[in-house]
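Encoded as structure tokens, the structure appears first; notes follow it.
There are 2 protein chains.
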Amino acid sequence: MQITRETDYAIRCVLYLTSRTDRVVMVDEISREMAAPKSFLAKILQKLVKADIARSFRGVKGGFQLSREPRDITLLDVIEAVEGSIALNACVLDRTACGFSSTCAVHPIWIGLRAEFNELLKKHNFADIAGTKPSSDREP
Amino acid sequence: MQITRETDYAIRCVLYLTSRTDRVVMVDEISREMAAPKSFLAKILQKLVKADIARSFRGVKGGFQLSREPRDITLLDVIEAVEGSIALNACVLDRTACGFSSTCAVHPIWIGLRAEFNELLKKHNFADIAGTKPSSDREP
DNA sequence: TAAAATAGGAGAATATATATCTTATTTTCA
DNA sequence: TGAAAATAAGATATATATTCTCCTATTTTA
Ligand code: SF4
Ligand code: SF4
């Protein structure tokens, strides 16, 4: 019922790239700054590239950069880039996962909740998130 | 990002008990009807008892029964009975799980999402769910 | 062409989910 | 009163998923 560490790393990563849109950033730097294991993060960045959230450059002077405006990248985008389509119960993504799905009274509820939940996640984009002051920084 | 099989079994179980509030039901019967492994289900029922969702009776003629009105048992109640408090990211349940929590811009978002999500789950009680016709049963 | 970076695949280590088994306790009723 | 039938509780096994590393290939720069 939680996002994985991998997904959290991905979010930190996009958040860091949001603060460095002016240049190309190496995995090593993101890894250091966001305290995520370098080789794991490299894999995660590949997923972000496939999802057209980041762009990569190889070779000397290579690295990563966001490929879209932070305002056009939502929490849902990043989560789905890493975990694929999400749902709160297996039967939502694959009806055949459960023999009861055609008669089950809970099944349609999970489907509805998935839609509502995804909407909640879509509401948060990285321009807004990067602009958010954490509670401990708020003024009196 | 999904509920576990254990939790789904728990929900099926409460749903079955909702349809049999007139009597005490043995684990064996729930297991058969809801296609859940008997000894696993027995463990799950212990959690439901601890959460005051079900009541148990030992010995011959023993079994289980809901201990509250179906209308007063929500999806959130059952999920929390099985999984404990839920949140979408580890730092929400335990700030110390992540060194960034005091400065992280995403942290407060997860806290807000948790509250919104829990509200969604609270809206569904078992009286309503049991009254829901699955899509395949709807009239033309 | 050497050095520095990412790409991609394989796989190891660890944690979690999914059960099962065994023994103890409670309750009924012949 | 004692055998049978049920749950309680704890230990343990198995499977799967998560988390992370390593190796080799490819690309790019200078
Ligand atoms: S029992 Fe209902 S809710 Fe649970 S997996 Fe099957 S169809 Fe989905
Ligand atoms: S990085 Fe932020 S959101 Fe992620 S675990 Fe740490 S505090 Fe929570």
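Note that the protein sequences, when read in sequence, are chains S and P. With my numbering, letter number 75 in the first sequence gets 75, and the count goes up by one each step, no holes. Adding 140 to a residue's 1-based position in the second sequence gives its number in my numbering. Where is the CB? At the ideal position from N, CA and C, for every residue including glycine.
Beta-carbon gap between residue i and residue j smaller than 8 Å
i, j, result
"R71(S)", "A10(S)", "no"
"T7(S)", "I79(S)", "yes"
"K123(S)", "V82(S)", "no"
"K178(P)", "V167(P)", "yes"
"L155(P)", "I269(P)", "yes"
Same chain, Cβ closer than 8 Å to residue i, five either side skipped, listed in chain order
i, result
"W250(P)", "A227, L228, N229, C231, V232"
"S225(P)", "L233"
"C104(S)", "C91, C98"
"T161(P)", "Q205, L206, P210"
"V60(S)", "none"
"N258(P)", "L216, I226"
"L17(S)", "V25, I30, A54, F64, Q65, L66"
Cβ shell of residue i (< 7 Å), same chain only, five flanking positions each side left out
i, result
"I3(S)", "I79"
"T214(P)", "L261, K262, H264, N265"
"S207(P)", "D192, I193, A194, R195"
"R12(S)", "M34, A36"
"F57(S)", "V24, G63"
"S101(S)", "C91, R95, H107"
"S19(S)", "A130"
"I184(P)", "E146, Y149, A150, C153, V222"
"R278(P)", "Interpretation of R278(P) is limited by its pLDDT of 37, a score under 50 that renders its predicted location unreliable; the figure taken from the coordinates is listed afterwards. Counting only Cβ-Cβ distances below 7 Å, and skipping sequence neighbours, we find nothing."
"P280(P)", "Unreliable placement is indicated for P280(P), whose pLDDT of 36 sits below 50; no coordinate value is reported for it."
Sequence-distant residues of the same chain with beta carbon closer than 6 Å to residue i, five excluded per side
i, result
"V25(S)", "G63, F64"
"S31(S)", "K38, L41"
"L113(S)", "L88"
Residues whose Cβ lies closer than 7 Å to any heavy atom of ligand 2, in chain order: Going down the chain, each residue whose beta-carbon is closer than 7 Å to a heavy atom of ligand 2 shows up: D8(S), I11(S), R12(S), N229(P), A230(P), C231(P), A237(P), C238(P), F240(P), S241(P), C244(P), V246(P), H247(P), W250(P).
Within 9 Å of chain S by C-beta, residues of the stretch 155-189 of chain P in sequence order: For the stretch 155-189 of chain P, the set of residues with a beta-carbon nearer than 9 Å to any beta-carbon of chain S comprises L155, M174, A175, in chain order.
Any C-beta of chain P within less than 9 Å: which residues of the stretch 72-91 of chain S qualify? Shown in chain order are the members of the stretch 72-91 of chain S whose Cβ falls below 9 Å from a Cβ of chain P: L75, I79, E83, I86, A87, L88, N89, A90, C91.
Tell me which residues of the stretch 1-15 of chain S have at least one Cβ-Cβ distance to chain P shorter than 9 Å, keeping chain order. Cβ contacts with chain P come from M1, Q2, I3, T4, R5, T7, D8, I11, R12, L15.
Residues, ordered as in the chain, of the stretch 241-256 of chain P that lie near chain S by beta-carbon distance below 7 Å: Flagged, chain order: S242, T243, C244, A245, V246, H247, P248, I249, L253, E256.
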